[in-house]
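Undergrad: What follows is a single structure, and I will ask about it in a moment.
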Amino acid sequence: MNLWIALPLSAGLILAFGIFAVAVYNRLIELGTNCENAFAQIELQLKRRYDLIPNLVECVKSYMAHEKSTLESVIAARNQAAAGLKHAAEQPQNPEALQAWIGAETALNGALGRLTAVIEAYPNLKADKSVAGLTEELTSTENRIAFARQAYNDWVTGFNSNRLAFPNCLVASLLGFKQNRKHVEFADAHKLVDAPRVMLA
Numbered sequence: 002m003n004l005w006i007a008l009p010l011s012a013g014l015i016l017a018f019g020i021f022a023v024a025v026y027n028r029l030i031e032l033g034t035n036c037e038n039a040f041a042q043i044e045l046q047l048k049r050r051y052d053l054i055p056n057l058v059e060c061v062k063s064y065m066a067h068e069k070s071t072l073e074s075v076i077a078a079r080n081q082a083a084a085g086l087k088h089a090a091e092q093p094q095n096p097e098a099l100q101a102w103i104g105a106e107t108a109l110n111g112a113l114g115r116l117t118a119v120i121e122a123y124p125n126l127k128a129d130k131s132v133a134g135l136t137e138e139l140t141s142t143e144n145r146i147a148f149a150r151q152a153y154n155d156w157v158t159g160f161n162s163n164r165l166a167f168p169n170c171l172v173a174s175l176l177g178f179k180q181n182r183k184h185v186e187f188a189d190a191h192k193l194v195d196a197p198r199v200m201l202a
């Protein structure tokens with residue numbers, strides 16, 4: 002008699018656990034997909050930024066022949082950041098790849114800051130329409146990057162909270178979600194809104 006009670010009870014518990022596990026899995030998949038889509042928006046804006054930087058360097062090159070090392074460091078930092086982004090996008094859940102890319106972005110922000118400081122010292126550059134137009138585009142792009150980064154971090158927070166919440170945490174690792182996703186935070190995050198710009202005289 003006990004067997005007839007135990008079997009349906011066990012089957013019911015297994016079924017309930019299966020339904021719960023499926024619900025947790027589907028929710029984490031949905032949140033993970035939203036994280037990846039939000040990261041793609043950061044990637045899109047950063048690629049636009051990477052395309053603008055060589056154009057800006059080309060525009061200022063003729064005015065700044067003796068600042069060759071500054072221009073070369075901007076291009077080198079841009080190339081390293083672009084390579085880091087590509088690597089991070091291929092492995093969105095790899096914290097080491099993400100950290101390497103964030104470090105490259107921080108270096109690029111520093112190089113752009115130095116370029117901006119040098120540009121400020123050249124009155125002719127400050128009045129150049131091409132340079133002003135490119136820096137305005139960079140400003141707009143930096144603002145979009147900041148918004149895209151915030152959206153990504155919001156989705157990451159949702160994913161991490163859902164993964165760690167009880168009772169989800171009991172099955173998340175078993176379902177393949179073994180670690181939290183990493184937020185994208187640049188060391189000079191405040192400078193992303195105050196983008197490199199040339200103030201016209």
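Start counting the sequence shown at 2; every next residue gets the next number (the numbering used here).
All residues carry an ideal CB built from backbone N, CA and C; glycine is no exception.
By the three-class DSSP mapping on this structure, what secondary structure does G177 have?
TA: Stepping through the sequence shown from its first residue, residue 177 is reached at position 176. DSSP places G177 in coil when its eight states are reduced to three.
Undergrad: Are the beta-carbon atoms of L86 and W102 separated by less than 8 Å?
TA: In the sequence shown, the residue the question calls residue 86 occupies position 85. In the sequence shown, the residue the question calls residue 102 occupies position 101. The answer is yes: Cβ separation under 8 Å.
Undergrad: Return helix, strand or coil for E31, following the three-state DSSP convention.
TA: Taking the sequence shown and counting its residues from 1, the one referred to as residue 31 is at position 30. DSSP places E31 in helix when its eight states are reduced to three.
Undergrad: Return the CA-CA distance between F160 and K48, expressed in angstroms with no decimal places.
TA: Mapped onto the sequence shown, residue 160 falls at position 159. Mapped onto the sequence shown, residue 48 falls at position 47. Distance between the alpha carbons of F160 and K48: 26 Å.
Undergrad: Taking 8 Å as the cut-off, decide whether the C-beta atoms of R182 and I43 are in contact.
TA: To locate residue 182, count along the sequence shown from 1; it is residue 181. To locate residue 43, count along the sequence shown from 1; it is residue 42. Taking 8 Å as the Cβ cut-off, R182 and I43 do not qualify as a contacting pair.
Undergrad: Within 10 Å of its beta-carbon, does F18 have 16 or more other beta-carbons around it, so buried, or fewer, so exposed?
TA: As a first step, residue 18 must be located in the sequence shown, where it is residue number 17. Exposed is the call here.
Undergrad: Give me the residue from N154, N144, R115 and S131 with the minimum Cα distance to C36.
TA: Sequence index remark: in the sequence shown, residue 36 carries index 35 (1-based). Answer by Cα proximity: N154.
Undergrad: To the nearest angstrom, how far is it from the Cα of L126 to the Cα of A105?
TA: Here residue 126 is taken as the residue at index 125 of the sequence shown, counted from 1. Here residue 105 is taken as the residue at index 104 of the sequence shown, counted from 1. The straight-line gap from Cα to Cα measures roughly 27 Å.
Undergrad: At what residues does the alpha helix (DSSP H) containing E138 begin and finish?
TA: Walking along the sequence shown from the start, residue 138 turns up at place 137. E138 -> alpha helix (DSSP H) spans K130 to L165.
Undergrad: Once you ignore the five residues that flank N56 on each side, which residues in its own chain have a CB closer than 8 Å to its CB?
TA: What you label residue 56 is simply residue 55 of the sequence shown in a count that begins at 1. So the list reads L135, once near-sequence residues are dropped.
Undergrad: Using 8 Å as the cut-off, can you tell me whether the segment 171 to 181 makes contact with the segment 17 to 33, which would need three or more C-beta pairs spanning the two stretches below that distance?
TA: They touch, by the three-pair rule.
Undergrad: Output the distance between the C-alpha atoms of N38 and L10, rounded to the nearest integer angstrom.
TA: Position 37 of the sequence shown, counted from the first residue, corresponds to residue 38. Position 9 of the sequence shown, counted from the first residue, corresponds to residue 10. Rounded to whole angstroms, N38 to L10 spans 42 Å at the Cα level.
Undergrad: When you compare only the Cα positions, how much space is there between N1 and L29?
TA: Outside the shown range of the chain (2 to 202) lies residue 1, about which nothing can therefore be said.
Undergrad: Verify whether the separation of the beta carbon atoms of L116 and V75 is less than 8 Å.
TA: Residue mapping note: residue 116 aligns to position 115 of the sequence shown, counting from 1. Residue mapping note: residue 75 aligns to position 74 of the sequence shown, counting from 1. Yes, these two residues count as a Cβ contact at 8 Å.
Undergrad: Less than 8 Å between the C-beta atoms of V119 and E59, yes or no?
TA: Reading the sequence shown from its first residue, position 118 is the one you call residue 119. Reading the sequence shown from its first residue, position 58 is the one you call residue 59. For V119 and E59, no; Cβs fall outside 8 Å.
Undergrad: Taking the continuous alpha helix (DSSP H) assigned at N80, which residues delimit it?
TA: If you number the sequence shown from 1, residue 80 lands on position 79. K69 to E91 is the extent of the alpha helix (DSSP H) around N80.
Undergrad: Is the closest heavy atom of the ligand ZN to the C-beta of M65 under 7 Å?
TA: Although the ligand ZN was asked about, the structure shown includes no ligands whatsoever.
Undergrad: Answer with buried or exposed for M200, where buried requires no fewer than 16 other C-beta atoms within 10 angstroms of its C-beta.
TA: Sequence index remark: in the sequence shown, residue 200 carries index 199 (1-based). Below a pLDDT of 50, predicted positions are generally treated as unreliable, and M200, at 37, falls in that range; the measurement from the model is reported next regardless. It counts as exposed.
Undergrad: What residue range is occupied by the uninterrupted alpha helix (DSSP H) comprising N110?
TA: Sequence index remark: in the sequence shown, residue 110 carries index 109 (1-based). Looking at the DSSP string, the run of the alpha helix (DSSP H) that includes N110 is P96 to E121.
Undergrad: Are there 16 or more other CB atoms within 10 angstroms of the CB of L45, so buried, or fewer, so exposed?
TA: Reading the sequence shown from its first residue, position 44 is the one you call residue 45. L45 is exposed by the Cβ-count criterion.
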